[in-house]
Structure formats: C-alpha cells, structure tokens
Amino acid sequence: MSPDLTFLLTLGFRMAITAAFVVSASVITERSGPVIGALVATLPISTGPSYVFLALDHDAAFIAEGALASLPINAATIVLGLTYVVLAQRYNAFVSWSCGAAVWIALAALSRTIQWSLVGGLAANAIAFGICIQLLARFRHVKMPLITRRWYDIPLRAALVAALVATVVTLSGWVGPGISGVIALFPIVFSSIMLILHPRIGGPATAAVVANAGWGLFGFGVAIAVLHVAALRWGSAIALVLALMTGVSWNLALWWFGHRRAVAR
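When you line the sequence shown up against numbering that gives the first Met the number 0, it's residues 0 to 264, in that order.
Structure, rendered in structure tokens:
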C-alpha cells in the first residue's frame, strides 16, 4: 500500500472516530437540558481526539508546547460564549455565532503575539472566567423546549468535527505545535450547538446551554494545564489520560455540587 493511500485511510479513520464522539455528545446535550448539556459540551470530546492523533504523530515536547498554546485559547472561548449569549437574546444564529467567532479569531491571533508561560496562561483563564462567569449568570435559567431533530443535523455535526480533525492532523507537521494547539481548541462543539439548536429552540434557550458551560470550560482549562505539565514529565500517553481524568472529574464534581444544591432547596 502506498504511503499516500495509507495516510488518507488513517486520516479518514481518525475523522470518523472523532465525529462519532462529538455527535453522540451533542445528542446527549439536546436531550438532557442546559445544565447537563453544558457539562457534556465542555468535556474534551473534540479537542481530546485531536490531541490523541497529534500524539501519535509527534513527541511529548510537541504536545506540551501545543497544550501551552491552547491554554490562552480556552480563555478566548469563554469570551466567544459571552458574545454569543448576549447577542442571541435578540439576533439570529448566524449573526450571533459569527460575531462570537470573530472575537475568538481576534483573540487567538493576539495570543500568538505573546510568549506564554504556564502561569501566564492560567492567569489569562482566571481573569477571563472571573469576568465572564459573572456576566453569564443571568442567562442560565431558561426552560429547554422540546427539540425535533432534522435530517441534516448529524451529518452537519460530523462534517464540522471531521474537518477540524483533518485540518489539525494535516497541518500539524507544517505549522508547528503553537498553531496546532490553537486549531485543536477551535470551539467546534459550541459552534455546533449554536448553529443547530438556535434556529429551532430560539436564542435564549440555546444561550442558556452556553451560559451554563462557564465552570465546565474553566475545568477544561485546568485539564489543558495538566496535559502541558504531565507531557513534559511522563510522556504523552500518561499526560492525555491525566488530562481526561481531570476534565471528567471536574465536571462530575460540578454535577454533584449542583445536585446537592437542588436537593437542599
């Protein structure tokens, strides 16, 4: 088998596996309400597979540097979420998402002009989330209407995430770990939720899912920091497992805390 054909088959397999993860998670999000949906949406279901595939092609130093570049991008994602949530109260899905994506791209470009350290990346997350979570609070509590899935929903989600994986895997060897870390964190799950749910259930209900994702997304940033530190010390495989455990444990803790508060009421 030729090297080109092997690459294409491997790439197709990676795209299909990742798309299956994201589609499954987004279906759960639709059926479980804004709080649980937000926790599912902030699991590493898109970025995780991208980093796994990067780890198959590159060494631990590449993964560590990519994670360091991803850390400030996580802060940009919560700003995208806030932009969308505010605009979605009045405007349609395309306008709301486009403005949020433009903000994300601008912040991502700005982040590439700064030489980030772990402390700096964590500080950027702390500042961004400290501001945005407070501003998002009043948009969290909206009743989720019944959702009727359309025939193109699943193919559209699969195509979006497959395109992301193809971009990351194909370009990683050319653009280096910094740009790969930025691309890997493009908010494909959030974008899918915004563009698919908004036209059917309305801006406020879709915005509630995004607004509830603040603390989960902050935990995702902690998982990225764990990936960076662990990759340098113990290698990519252990680092990826620890980062996944961090993200899942964080969201389970958020669910448990929220459940206890609900019972106490």
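Cβ atoms here follow ideal geometry from the backbone N, Cα and C, with glycine treated the same way.
Just so we're clear, the structure is a prediction, and the values are computed from it rather than from any experiment.
- In the DSSP annotation of this structure, Ser116 is not part of any alpha helix (DSSP H), being labelled neither H nor E.
- If you draw a 10 Å sphere on the C-beta of His258, you find fewer than 16 other C-beta atoms in it, and that means exposed.
- In this structure Leu243 does not touch Ser69 by the C-beta definition: roughly 15 Å separates them, more than the 8 Å allowed.
- Thr245 is classed as buried because its beta carbon has at least 16 other beta carbons within 10 Å across all chains shown.
- Between the stretch 197 to 217 and the stretch 114 to 122 there are fewer than three C-beta pairs closer than 8 Å, too few to call the two in contact.
- If only complete runs of 3 or more residues are kept, the stretch 175 to 214 shows no beta strand (DSSP E) anywhere.
- Take the alpha-carbon of Arg260 and the one of Trp254: they are about 10 Å apart.
- Here the C-alpha atom of Val94 lies approximately 44 Å from the C-alpha atom of Arg232.
- In this structure, Val141 sits near Pro203, with a CB-CB distance shorter than 7 Å.
- Taken atom to atom, the span from the alpha-carbon of Phe217 to that of Ala125 is near 8 Å.
- By the neighbour-count criterion, in which 16 or more other beta carbons inside 10 Å mark a residue as buried, Ile77 falls on the buried side.
- In this model, Val228 and Ala238 are separated by some 8 Å (Cα to Cα).
- Contact annotation: the stretch 81 to 96 touches the stretch 127 to 136, with at least three C-beta pairs closer than 8 Å.
- Only buried fits Pro71, as 16 or more other CB atoms lie within 10 angstroms of its CB.
- DSSP, reduced to helix, strand and coil, places Tyr90 outside both helices and strands of the structure shown, so it counts as coil.
- Taking a cut-off of 8 Å for Cβ pairs, the stretch 50 to 64 and the stretch 103 to 110 do not touch, as fewer than three such pairs fall below it.
- Taking 7 Å as the cut-off, the beta carbon of Ala92 is found closer than this to the beta carbon of Leu194.
- Leu67 has its alpha-carbon roughly 13 Å from the corresponding atom of Gly175.
- For Thr41, no alpha helix (DSSP H) encloses it, and the DSSP letter there is neither H nor E.
- Bounds of the alpha helix (DSSP H) holding Val51 are Thr46 to Asp56.
- DSSP places Val228 in the helix class (H, G or I) of the three-state scheme.
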